[in-house]
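Novice: With the working numbering applied, the sequence shown corresponds to residues 109 to 316, in that order.
Glycine is no exception: its CB is placed at the ideal position from the N, C-alpha and C atoms.
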Amino acid sequence: MKPVSRKASTDYRAEAQRRLAYFNDRRDEIVATIRELVEIESPSDNKPAADRVAEAVARKFSRLGGKVLVHQAKDFGNHLQIDFAGNSSAKPVLLLGHYDTVYPLGTLANMPCRAVGGKLTGPGVLDMKSGIALMLHALAGLQEWHKETCHGGLPRAVTVLLVSDEEVGSETSRAITESLAKKAAAVLVIEPSRGVHGTAQTPAQPRR
Ligand SMILES: [Zn+2]
Numbered sequence: 109m110k111p112v113s114r115k116a117s118t119d120y121r122a123e124a125q126r127r128l129a130y131f132n133d134r135r136d137e138i139v140a141t142i143r144e145l146v147e148i149e150s151p152s153d154n155k156p157a158a159d160r161v162a163e164a165v166a167r168k169f170s171r172l173g174g175k176v177l178v179h180q181a182k183d184f185g186n187h188l189q190i191d192f193a194g195n196s197s198a199k200p201v202l203l204l205g206h207y208d209t210v211y212p213l214g215t216l217a218n219m220p221c222r223a224v225g226g227k228l229t230g231p232g233v234l235d236m237k238s239g240i241a242l243m244l245h246a247l248a249g250l251q252e253w254h255k256e257t258c259h260g261g262l263p264r265a266v267t268v269l270l271v272s273d274e275e276v277g278s279e280t281s282r283a284i285t286e287s288l289a290k291k292a293a294a295v296l297v298i299e300p301s302r303g304v305h306g307t308a309q310t311p312a313q314p315r316r
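1. CB-CB under 6 Å to H245, same chain, minus the five flanking residues each way: which ones, in chain order?
2. Identify the continuous alpha helix (DSSP H) that holds A289 and give its terminal residues.
3. I'd like to know if the stretch 111-124 and the stretch 195-204 are in contact, where contact means that at least 3 CB-CB pairs between them fall below 8 Å.
4. Can you list every residue whose CB sits closer than 7 Å to some heavy atom of ligand 1, going in chain order?
5. Out of V304, A193, V146, V295, point me to the one whose CA is closest to L216's CA.
6. Spell out the partners DSSP gives V201 in its beta bridges.
7. G174 to H187, Cα distance in whole Å?
8. Quick check: what's the CA-CA separation for A292 versus K199?
9. Rounded to whole angstroms, what is the Cα-Cα separation between G225 and K155?
10. Under 8 Å by Cβ, that's how I've got S150 and D208 pegged, so tell me the actual separation to the nearest angstrom.
11. May I have the straight-line CA-CA distance separating P231 from G249, to the nearest angstrom?
12. For the candidate residues Q251, E275, V271, E274, whose alpha-carbon lies nearest to that of R264?
13. Would you mind stating whether V266 and G194 have Cβ atoms separated by less than 8 Å?
14. May I ask which residues mark the beginning and end of the alpha helix (DSSP H) holding D191?
15. Check the DSSP bridge columns for V176 and list the partner residues they point to.
16. Quick check: what's the CA-CA separation for T141 versus A241?
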């Protein structure tokens, strides 16, 4: 591999700083998105409730120009696929997540969404409505940064898949996840990481 020149690494750092500043400037907006999603409770075992958040999420992605495809599920919320066209023929990147939460309906009454001491709490804030908000704001950021070269679109195609049954085994969504993952260049699971260093949740499989 070619060593990164000092100039390139300075450019890279400056760009990283610019992008960090972009999200820092939008902190309130991002928190508002998370709060809005948390305040629509969506336990895995309640289809009408789960479908409500799916509809709200679909509207948000659709406002960014994504094409929404609803995969009907009988006993769970409908799974959401949103496709964003890219400005190249490269395979899409798949952003994977779930919108169901482990908290039973009504939890919000005793555990409201609150921002205290720089921390946001509430049912599903961490797992993983913040991840969904992150997807939305990251896509908006990419569109903004590439607006001249990609005419408001993205440099490459992105597919978002948000399933409704992750907390209970992903039985009805598994086939959809596998088929989209096979078509993707990379899959980014936007589940929360562990701790401040961003360690991945899922432990690495031992080598066989
Ligand atoms: Zn999760």
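Specialist: The structure says:
1. Indexing the sequence shown from 1 puts residue 245 at position 137. Counting only Cβ-Cβ distances below 6 Å, and skipping sequence neighbours, we find I138.
2. Taking the first residue of the sequence shown as position 1, residue 289 is located at position 181. Its alpha helix (DSSP H) spans residues 282-291.
3. Too few Cβ pairs lie closer than 8 Å, so no.
4. What you get when you keep residues with a C-beta closer than 7 Å to any heavy atom of ligand 1 is H206, D235, M236, E274, E275, E299.
5. The count along the sequence shown starts at 1 and reaches residue 216 at position 108. Ranking V304, A193, V146, V295 by Cα distance to L216 puts V146 first.
6. Taking the sequence shown and counting its residues from 1, the one referred to as residue 201 is at position 93. V266, A294, per the DSSP bridge assignment.
7. What you label residue 174 is simply residue 66 of the sequence shown in a count that begins at 1. What you label residue 187 is simply residue 79 of the sequence shown in a count that begins at 1. For G174 and H187, the distance between alpha carbons rounds to 15 Å.
8. For this step, residue 292 is matched to residue 184 along the sequence shown. For this step, residue 199 is matched to residue 91 along the sequence shown. Each residue's Cα considered, the two are about 6 Å apart.
9. What you label residue 225 is simply residue 117 of the sequence shown in a count that begins at 1. What you label residue 155 is simply residue 47 of the sequence shown in a count that begins at 1. Each residue's Cα considered, the two are about 34 Å apart.
10. Locating residue 150 in the sequence shown gives position 42, counting from the first residue. Locating residue 208 in the sequence shown gives position 100, counting from the first residue. About 6 Å separates the two Cβ atoms, so the contact holds.
11. The residue given as residue 231 occupies position 123 in the sequence shown. The residue given as residue 249 occupies position 141 in the sequence shown. For P231 and G249, the distance between alpha carbons rounds to 27 Å.
12. Residue 264 sits at position 156 when you count from the first residue of the sequence shown. That would be Q251, whose Cα lies nearest to the Cα of R264.
13. Reading the sequence shown from its first residue, position 158 is the one you call residue 266. Reading the sequence shown from its first residue, position 86 is the one you call residue 194. Yes.
14. If you number the sequence shown from 1, residue 191 lands on position 83. Note, D191: premise wrong, no alpha helix (DSSP H); beta strand (DSSP E) at 187-192.
15. As a position in the sequence shown, residue 176 is number 68, starting the count at 1. The partner list for V176 (beta bridge, DSSP) reads I190.
16. One-based indexing of the sequence shown puts residue 141 at position 33. One-based indexing of the sequence shown puts residue 241 at position 133. Distance between T141 and A241, taken at the CA atoms: about 6 Å.
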